[in-house]
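Numbering (our numbering), first residue to last: 801 to 1022.
What follows is a short report on a single structure.
Next comes the structure, spelled out in structure tokens:
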């Protein structure tokens, strides 16, 4: 099976997992798990990470990630990846699904006593509040972009050259995951939901990136 087909079915599996996980969250299956995980993470990490994790909050904002998305759209135009250009609209769809979840999935966010953010600076998007917190918008957007870039690296760069950029992207995504819970911005389930949603659509969009001619030939032989 070709790499693109594997990635396509993997993205589909992630999206189905998101739907099922969202159902479990709406049934309040993980309430105790969320509370215990937040307490453990905040107990084990020092307050020295308050600042870097607060900076990550700004990086993961709708404004900053939106700029990265626009750059990817421009990249697809420059490269004439027209299918990818139109497919990048799934980023907007991911954000729409995230907003729908925050409006209709009964899942209040962590109480203020868990909050550890220390920066007063915020973008306008931070003033838009919803009643509920599932899934995490930061993780939805970040995992979409990271997943798309990882697929781009996988399809266009050799494993040797792509290892370091891929490792950096995965490390960044991992830190974003931990920061959301540590700062008391989201429960762990919010983060998992955003990760599943963003990754599924990010990978699906990445599959539209055209292969090199030699890669097309190999897939045809397979």
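Every residue gets a Cβ at the ideal spot worked out from N, C-alpha and C, and that includes glycine.
Can you find the residues in the same chain that come closer than 6 Å, C-beta to C-beta, to residue i, ignoring five residues on each side of it along the sequence?
i: residue 836; result: none
Leaving out the 5 sequence neighbours to the left and right, which residues in its chain are closer than 7 Å to residue i when beta-carbon positions are compared?
i: residue 856; result: 975, 976, 979
i: residue 953; result: 962, 965, 966
i: residue 943; result: 973, 994, 995, 998, 999, 1002
Any idea what DSSP makes of residue i, helix, strand or coil?
i: residue 806; result: helix
i: residue 880; result: coil
i: residue 976; result: helix
i: residue 869; result: helix
Looking at C-alpha atoms only, which residue of the options is the closest neighbour of residue i?
i: residue 951; options: 813, 868, 1010, 933; result: 1010
i: residue 904; options: 814, 826, 1000, 991; result: 826
i: residue 935; options: 986, 962, 890; result: 986
i: residue 918; options: 989, 823, 851; result: 851
i: residue 906; options: 823, 921, 1007; result: 823
i: residue 1004; options: 948, 925, 829; result: 948
i: residue 922; options: 981, 933, 859, 939; result: 859
i: residue 802; options: 875, 992, 968, 955; result: 955
i: residue 916; options: 838, 818, 940, 834; result: 838
i: residue 914; options: 808, 992, 896, 834; result: 834
i: residue 821; options: 844, 901, 862, 845; result: 901
i: residue 874; options: 885, 864, 866, 865; result: 885
Which residues in the same chain as residue i place their Cβ atom closer than 8 Å to its Cβ, once the five residues preceding and following it in sequence are excluded?
i: residue 887; result: 1004, 1005, 1008
i: residue 909; result: 932, 933, 985, 986, 987, 990
i: residue 912; result: 984
Using the Cα positions of residue i and residue j, report the straight-line distance between them to the nearest angstrom.
i: residue 937; j: residue 981; result: 13 Å
i: residue 868; j: residue 840; result: 33 Å
i: residue 892; j: residue 847; result: 35 Å
i: residue 889; j: residue 899; result: 16 Å
i: residue 861; j: residue 924; result: 10 Å
Exercise for review: Would you check if the stretch 806-823 and the stretch 869-885 touch, i.e. whether three or more CB-CB distances between them fall below 8 Å?
Suggested key: Output reads no: the stretch 806-823 does not touch the stretch 869-885.
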